[in-house]
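The sequence shown finishes on residue 104 if you use our numbering, and the numbering steps up by one all the way, no holes. Every residue gets a Cβ at the ideal spot worked out from N, C-alpha and C, and that includes glycine.
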Amino acid sequence: MQRATANFAWTADRIAHFVEVDRIVIAAPARRRGLATQLHGELIRQSRAAGQRLLVCEVDPRPAKTAFSALHWSPEFAAIGDAVLAHGKHVRSKGKQR
């Protein structure tokens, strides 16, 4: 499913085929059990099965404070580009080849 946002359009203008993960939300009582990592792994498996080879996400580099950001700051994710949004927020797009 494609979203008509400036961020998605920026990535789509630069990369032909990709899967974007916007966020993974885990209810507070279920956190710290590895569920987000499992969901992330399943997204990668399904993306690969669909022929998609690049997983893209957007992280806030100042500060990288969420578990989602921590997962995507791993060395497996390389920076694709940086942007400053209209309201002044700095974001970084990162990608992981699968």
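Practice prompt. Please determine, among VAL27, THR43, ALA84, the residue with the shortest C-alpha to C-alpha distance to GLN103.
Written response: ALA84
Worksheet entry | Nearest neighbour of ASP28, chosen from ARG20, ARG38, LEU49 [CA to CA] | LEU49
Fill in: Span separating the alpha-carbon of GLU64 from that of ALA55
23 Å
Discussion item. As an exercise, report each continuous beta strand (DSSP E) stretch of at least 3 residues that is fully enclosed by the stretch 13 to 48, in chain order.
Written reply: 25 to 27
Discussion item. Measuring straight from C-alpha to C-alpha, what distance separates THR43 and ALA92?
Written reply: 31 Å
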